[in-house]
Structure formats: structure tokens, C-alpha cells
Amino acid sequence: MAVAAGRQVVGYISNVSTKACRDGVLYMFTVSTTGGEELVVRMRQPPEWAFVGSPVKGLAVKIDDHYQFQDFSMAKDLQPARFFEVDGLEITYVKLGDRRHTIITGRSGSFIVSAPAIAPNVVNKGEKLKHKRCVLYIADLPAERKVVAVQSITEFRRDTAMKRFLGMVGEDER
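The letter at position 93 of the sequence shown is residue 93 when you use the UniProt record's numbering, and the numbering goes up by one with no holes.
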């Protein structure tokens, strides 16, 4: 197992998935950094607040093809992302100088919300859900507003149910 030195990471959880293994359940978080990088982070016991749209920070240590966090915590200097349920998405590519930016626009009736995507995985998810009802997560970063995650309605409902469940478990343990 190759272990490299860690580095400090600040960003948002843009996807959560689970995988059953012989030792139990493994949680895999995609963290999109404020600089647009993506990291897949594995955890056995994530904190109860760690869901799509949560601002996070920690020391990311690369282990083989994934990362593990040391000192994983909620990033207090970033606001949690707000979510918007929309009827569909429009994705626009804009070239500014040498850089290409992707703007994701969600519409629901006369309501329109639009912002640049934080990372390529967010764009890819948006492309898959372009013509479907979905949920956009938008965060106000210090310099600009960004789309930090896109979820299907099913994923959003699953996460909402999981938050309620973990909240009840936490209350029972107190």
C-alpha cells in the first residue's frame, strides 16, 4: 500500500455513495475543492453532518487510488450549500481567455438559478440529469457563487431520509 504525504483540502461534498464490504459499509465521498479539484475520499464512519452540500476541510492523505481524511471537519469559513429543486438544467460552456467555464442553469416555472460549476464531476452529473427534475446545490464562496453538486430527486430524498434517521439515532444516544 503506497502512502504519500497529505495536504490540506477545503471544499464541498458533491457526491456520496456506499459500498458493502466484508468489514461492513464503506462510504465514498467525492469532495470538490474550492479550486475545482476532485478527490474520492473513503470513510468507515463518517460524521452525521457529512452530506452532499456540506463544506469540509481536512488533511487528505492519498492511499492507492483514493484518499482518506485526517482531522476531517466542517469548514467553518464556508457557508453550507443551499439546495434548489428544478424542473431541468441547461448547461452552457463559456471560454474566457485560456479557460473554459461551465455554467449550470436550473429552471422551475419562472424561477431561474444559475452559477458556474465547481468541478467536472458536477458538470457530468448535470449532463446526465439535464432533462429531469433534480436538485442543485449552490454555495456562496468568498469570490463567487458556484454549483457544488447536482442530485436526482431520488438521491435527494434518500439523503433527506438518512439525515432524519441519523438525527434520531443521535438523539437516542444522548
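Think of the CB as a built atom: it goes at the ideal place given N, C-alpha and C, for glycine as much as any other residue.
Keep in mind the model is a prediction, meaning the values are calculated, not measured.
Continuous beta strand (DSSP E) stretch holding residue i: start and end
i: Leu136; result: Cys134 to Asp140
i: Lys146; result: Arg145 to Ser152
i: Arg44; result: Note, Arg44: premise wrong, no beta strand (DSSP E); not H, not E.
i: Phe51; result: Note, Phe51: premise wrong, no beta strand (DSSP E); not H, not E.
i: Lys19; result: Arg7 to Cys21
i: Gly24; result: Gly24 to Thr33
Straight-line gap, residue i to residue j (C-alpha atoms, nearest Å)
i: His101; j: Met168; result: 41 Å
i: Phe83; j: Asp77; result: 19 Å
i: Cys134; j: Leu89; result: 8 Å
i: Lys125; j: Val150; result: 6 Å
Proximity to residue i [Cα-Cα], best of the options
i: Arg158; options: Asn15, Arg44, Lys146 and Phe72; result: Asn15
i: Pro120; options: Leu59, Val147 and Val25; result: Val147
i: Ala60; options: Tyr93, Val123 and Val40; result: Val40
i: Gly6; options: Pro47, Asp23 and Lys62; result: Lys62
i: Tyr27; options: Ile153, Thr34, Gln68 and Gln8; result: Gln68
- Enumerate, from N- to C-terminal direction, the unbroken beta strand (DSSP E) stretches of 3 or more residues contained entirely within the region 58–122. Within the region 58–122, the complete beta strand (DSSP E) runs of at least 3 residues are 66–74, 82–86, 88–96, 99–108 and 111–116.
- Query: Are there three or more Cβ pairs, one per stretch, closer than 8 Å when the region 13–33 is compared with the region 109–119?
  - Reply: They touch, by the three-pair rule.
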